[in-house]
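See below for the structure under consideration.
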Amino acid sequence: MNIPFHQFTDEARRVMDLANAESRRLNHEYIGTEHVLLGLIKKEAGVAADILKNLAIDPGAVPAEVEKLIKTGPEMTAVGERPLTPRAGAAIRYAVEESRRLLQKSVGPEHLLVGLAIEGAGVAGLVLRKLGLEPQALRPAAFKVRLMQITTVEKIVRPVRAATPRKRKMREELLAHLETICEEERARLKDPAAATAAAARRFGDPAALTRELDRSLPRLERYAYRVERRFGWRAPESAARYTLRVAMQLFVVIAMALGILVAAVVVSRGWNQADWIAIRPALALLLLLPLDEFLLGLLYFKIRDALWGVFGARRSAFHASLLGLLFACVVVVSGLGFFALATWDVDRATQQIYPVVVAAVAAATACISLARLRGRVEIADTLWACLDIDTSAPGIAGP
Amino acid sequence: MDVIHGDKLRGHLEMLVLATLEQGEAHGLEILRRLEAGGCGLLRLREGSLYPALYRLETAGQVQAVWEKEPHGRRGARGRIYRLTPKGTRALRKGRGEWRTFVTTLGTIFGVPA
């Protein structure tokens, strides 16, 4: 099982150490969801106990409930790291997923708590439900500060008429500032809710900041923004819809260019039979390019999501390679199809099989490398753009 | 003395930022700290407003920015570190001259000669 412990915060690592100690105390040979939960509610484990208290759940009641469901094992002397049960592994993967959805680079105790609740069927999930935890109430309570930070930033940045690379820069820089002043206020005020509100006040009214940012941009940025609005991805459209839209735009552009070319030939010297042969490759492109854009574009997104395990896809290098193979097949078929259409001679087209296969392998490799290289940034951009900023998070107030 | 709110600083914020960067490169929060120290707590600025000013200065080539390395200890978002360019230094010198003329002229009329 592939658990990214290097992404854990110091607090989350301590939770796992405490879970290991709980397992040892109960003479168990594994770390299950119950041990993680018992680790989480310890005082030294950070915020999880406070989150439960805010939801009117007494963390002190957890050990008794856990012990109703499990037995202590026979006396034994096993020391060291215990393996995770499949359910505990699943809960941790949910926790990692939660932190990614909140655009965080590390996993803390609050994510682990939500992960346990999402997993639900393990001992921890059963205990939490027995103690009256409402799963839908947990996320807003556990991620209150973080949600306020990212919705504030996105409220400011989203309406700015700039292209994505510039917005990416603004988001990260504004978020860094907001994170720091939240910490400062937290150290000053102790109460997280009051600190969050104070930080938001210091930062300023989002609408006013949007206007100021918009005015600060160079003129060129406006054009980049318009081009992106026209041809780029528009949140929250699906990958299929987006690639289909671009394919249709591509078809129209090629058709128009071809139309102008034909019209120019007809007007200047009239159409003759030989022109049909000359125009055949262009007609083949008109048919194949939009189709390829759609299929290959869609496959690119599927490969990226499989490589990174996001947007409902399971993280699987094997699945990604299969999709890569499919990508290469599409390139081979459309490459041969192009030669067949352009020369109107299937035999001559099949002679091109070797260069076409080489091109297909190169294209598939390029596609997978691109998905690896650009994936993280693209996914973050998408998550930002899809963030729900209308449900006003607590603590946001004007100056 | 009354505090000076952000609205009154409009048009001057960029000069103020350039002046703070004369002390050396800094990220946004450090610039605000320097402004606060220099203004003896009389400047009231919405902190977010600093960034539009920095972006304008960056576009004008008067400051240059680089991303900071992994933020100290925490694995959060990164800030950017701003540095004065030679163009910025020239703009600052010019701005100081203009300010002197402005204050002398208006001060004479107000009856509080500088």
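Sequence lines, in order, name chains R and Z.
Counting in our numbering, the first sequence runs from 312 upward without gaps.
Counting in our numbering, the second sequence runs from 2 upward without gaps.
Heads up, the beta-carbon is just placed ideally off N, CA and C, and yes, glycines get one too.
Predicted model only: the values in this text are computed from it and were never measured.
> R/R526: which of Z/L10, Z/Y56, Z/K9 sits nearest, CA to CA?
Replying inline: Against the first sequence, residue 526 of chain R aligns to sequence position 215. Here the closest residue by C-alpha is Z/Y56.
> Using a C-beta to C-beta distance shorter than 9 Å, which residues of chain Z count as neighbours of R/L520?
Replying inline: Within the first sequence, residue 520 of chain R is the residue found at index 209, counting from 1. Result: R47, G49, S50, Y52, P53.
>> Let me see if you follow: with CB-CB separation under 8 Å, is R/L486 close to chain Z or not?
In response: By 1-based counting over the first sequence, the position of residue 486 of chain R is 175. The beta carbon of R/L486 sits closer than 8 Å to some beta carbon of chain Z.
> Of all the alpha helix (DSSP H) runs that stay within the bounds of the stretch 317 to 370 of chain R, which reach a length of 4 or more residues?
Replying inline: Fully enclosed alpha helix (DSSP H) runs of 4 or longer: 321 to 336, 344 to 351, 359 to 365.
> Of all the options R/S680, R/G384, R/D369, R/H317, which has the alpha carbon lying nearest to the alpha carbon of R/E333?
Replying inline: In the first sequence, residue 333 of chain R corresponds to position 22, counting from 1. Of R/S680, R/G384, R/D369, R/H317, the smallest CA-CA separation from R/E333 is found for R/G384.
> For the candidate residues R/A330, R/L636, R/A546, whose alpha-carbon lies nearest to that of R/L395?
Replying inline: As a first step, residue 395 of chain R must be located in the first sequence, where it is residue number 84. Closest by alpha carbon: R/A330.
> Taking Cβ-Cβ distances shorter than 9 Å, what residues in chain Z pair up with R/G515?
Replying inline: The residue you call residue 515 of chain R lines up with position 204 of the first sequence. G7, L46, R47, E48, G49, S50, listed in chain order.
>> Can you look up R/G581 in the DSSP assignment and give me helix, strand or coil?
In response: What you label residue 581 of chain R is simply residue 270 of the first sequence in a count that begins at 1. In this structure, R/G581 counts as coil in the three-state DSSP scheme.
> Out of Z/W100, Z/R11, Z/L22, which has the shortest C-alpha to C-alpha gap to Z/P90?
Replying inline: Along the second sequence, one-based indexing puts residue 90 of chain Z at 89. The sequence given here has Thr at residue 90 of chain Z, not Pro. Shortest Cα-Cα distance from Z/T90 to any of Z/W100, Z/R11, Z/L22 involves Z/L22.
>> Check this for me: beta carbons of R/F612 and R/A558, under 8 Å apart or not?
In response: Within the first sequence, residue 612 of chain R is the residue found at index 301, counting from 1. Within the first sequence, residue 558 of chain R is the residue found at index 247, counting from 1. Taking 8 Å as the Cβ cut-off, R/F612 and R/A558 do not qualify as a contacting pair.
> Between which two residues does the alpha helix (DSSP H) harbouring Z/I82 extend?
Replying inline: Counting from 1 along the second sequence, the entry for residue 82 of chain Z is found at position 81. Not the alpha helix (DSSP H): Z/I82 falls in the beta strand (DSSP E), residues 81 to 85.
>> Could you compute how far the alpha carbon of R/V644 sits from the alpha carbon of R/G570?
In response: Counting from one through the first sequence, the residue named residue 644 of chain R turns up at place 333. Counting from one through the first sequence, the residue named residue 570 of chain R turns up at place 259. For R/V644 and R/G570, the distance between alpha carbons rounds to 27 Å.
>> Tell me which residue opens and which closes the beta strand (DSSP E) that Z/Q65 is part of.
In response: Locating residue 65 of chain Z in the second sequence gives position 64, counting from the first residue. Z/Q65 -> beta strand (DSSP E) spans 64 to 68.
> Along the stretch 522 to 535 of chain R, what residues have a CB closer than 8 Å to any CB found in chain Z?
Replying inline: Listed by position, the residues of the stretch 522 to 535 of chain R near chain Z (Cβ gap below 8 Å) are E523, L524, R526, S527, L528, P529.
>> DSSP three-state label for Z/L44, please.
In response: In the second sequence, residue 44 of chain Z corresponds to position 43, counting from 1. Note: Z/L44 maps to strand in three-state DSSP.
>> Which runs of the alpha helix (DSSP H) at least 4 residues long sit entirely within the stretch 610 to 658 of chain R? Give them in chain order.
In response: Within the stretch 610 to 658 of chain R, the complete alpha helix (DSSP H) runs of at least 4 residues are 628 to 654.
>> Does the CB of Z/Y56 have a neighbour CB from chain R at under 8 Å?
In response: Counted from its first residue, the second sequence places residue 56 of chain Z at position 55. Answer yes: the Cβ-Cβ gap between Z/Y56 and chain R drops below 8 Å somewhere.
> Looking at C-beta atoms only, is the number of pairs between the stretch 354 to 367 of chain R and the stretch 412 to 424 of chain R that lie closer than 8 Å three or more?
Replying inline: At 8 Å Cβ cutoff, the stretches touch.
> Got a sec, what are the start and stop residues for the alpha helix (DSSP H) Z/H13 sits in?
Replying inline: As a position in the second sequence, residue 13 of chain Z is number 12, starting the count at 1. Following the DSSP letters along the chain, one finds Z/H13 in no alpha helix (DSSP H), marked with neither H nor E.
>> Please tell me whether Z/L30 has its Cβ less than 8 Å away from any Cβ of chain R.
In response: Taking the second sequence and counting its residues from 1, one reaches residue 30 of chain Z at position 29. Yes, because at least one Cβ of chain R sits closer than 8 Å to the Cβ of Z/L30.
> At a Cβ cut of 9 Å, what residues of the stretch 76 to 93 of chain Z count as close to chain R, listed as they run along the chain?
Replying inline: Taking 9 Å as the Cβ-Cβ cut-off against chain R, the residues of the stretch 76 to 93 of chain Z that qualify are R76, G77, A78, R79, G80, R81.
> Between R/R615 and R/E689, which are expected to be in contact by the criterion C-beta below 8 Å, what is the C-beta distance as a whole number of angstroms?
Replying inline: What you label residue 615 of chain R is simply residue 304 of the first sequence in a count that begins at 1. What you label residue 689 of chain R is simply residue 378 of the first sequence in a count that begins at 1. Indeed they touch by this definition, with Cβ atoms about 7 Å apart.
> Whole-angstrom Cβ separation of R/V377 and R/L349, contact assumed at under 8 Å?
Replying inline: As a position in the first sequence, residue 377 of chain R is number 66, starting the count at 1. As a position in the first sequence, residue 349 of chain R is number 38, starting the count at 1. Right, their Cβ atoms sit about 6 Å apart.
>> Please give me, in chain order, every unbroken run of the alpha helix (DSSP H) with length at least 4 that falls completely inside the stretch 532 to 593 of chain R.
In response: Correct list: 550 to 580.
> Quick one: what's got a C-beta closer than 6 Å to Z/G96's C-beta in the same chain, skipping five residues either side?
Replying inline: Stepping through the second sequence from its first residue, residue 96 of chain Z is reached at position 95. Sequence-distant Cβ neighbours of Z/G96 in its own chain, meaning closer than 6 Å and more than five residues away, are M16.
> Quick one, which of Z/Q24, Z/L14, Z/V67, Z/V64 has its alpha-carbon nearest Z/R45's?
Replying inline: By 1-based counting over the second sequence, the position of residue 45 of chain Z is 44. Ranked by Cα distance from Z/R45, the options Z/Q24, Z/L14, Z/V67, Z/V64 are led by Z/L14.
> Which residue's Cα is closest to the Cα of R/K364: R/P374, R/A375, R/I352?
Replying inline: On the first sequence, position 53 is the one that residue 364 of chain R refers to. Nearest option by C-alpha distance: R/I352.
> Which chain R residues are close to Z/T60, counting only those with a beta carbon under 7 Å from its beta carbon?
Replying inline: Residue mapping note: residue 60 of chain Z aligns to position 59 of the second sequence, counting from 1. Correct list: P529.
>> Considering only their Cβ atoms, is the gap separating R/G648 from R/A671 smaller than 8 Å?
In response: Taking the first sequence and counting its residues from 1, one reaches residue 671 of chain R at position 360. Taking the first sequence and counting its residues from 1, one reaches residue 648 of chain R at position 337. No, these two residues do not count as a Cβ contact at 8 Å.
>> At the level of alpha carbons, what is the spacing between R/E392 and R/A401?
In response: The sequence position of residue 392 of chain R within the first sequence is 81, counting from 1. The sequence position of residue 401 of chain R within the first sequence is 90, counting from 1. In a straight line, the C-alpha of R/E392 is about 18 Å away from that of R/A401.
>> Taking the alpha carbon of R/L600 as the reference point, which residue from R/F562, R/A677, R/A487, R/F316 has its own alpha carbon closest?
In response: Locating residue 600 of chain R in the first sequence gives position 289, counting from the first residue. Per the Cα distances, R/F562.
> Along the chain, where does the alpha helix (DSSP H) that runs through R/L698 open and close?
Replying inline: For the purposes of this step, residue 698 of chain R is taken as the residue at position 387 of the first sequence. Unbroken run through R/L698: none, as it is neither H nor E.
>> For R/S680 and R/A691, what's the separation of their Cα atoms in angstroms?
In response: Here residue 680 of chain R refers to the residue found at position 369 of the first sequence. Here residue 691 of chain R refers to the residue found at position 380 of the first sequence. Rounded to whole angstroms, the separation of the alpha carbons of R/A691 and R/S680 is 18 Å.
>> Quick check: the Cα distance between R/M459 and R/V471, rounded to an integer number of angstroms?
In response: For the purposes of this step, residue 459 of chain R is taken as the residue at position 148 of the first sequence. For the purposes of this step, residue 471 of chain R is taken as the residue at position 160 of the first sequence. Going by the C-alpha atoms only, they are around 19 Å apart.
> For R/I368, is the beta carbon positioned less than 7 Å from some heavy atom of the ligand ZN?
Replying inline: For the structure depicted, the ligand ZN is absent and the ligand set is empty, with no information on it obtainable.
> Helix or strand or just coil, what does DSSP make of R/A660?
Replying inline: Looking up residue 660 of chain R in the first sequence gives position 349. It is helical.
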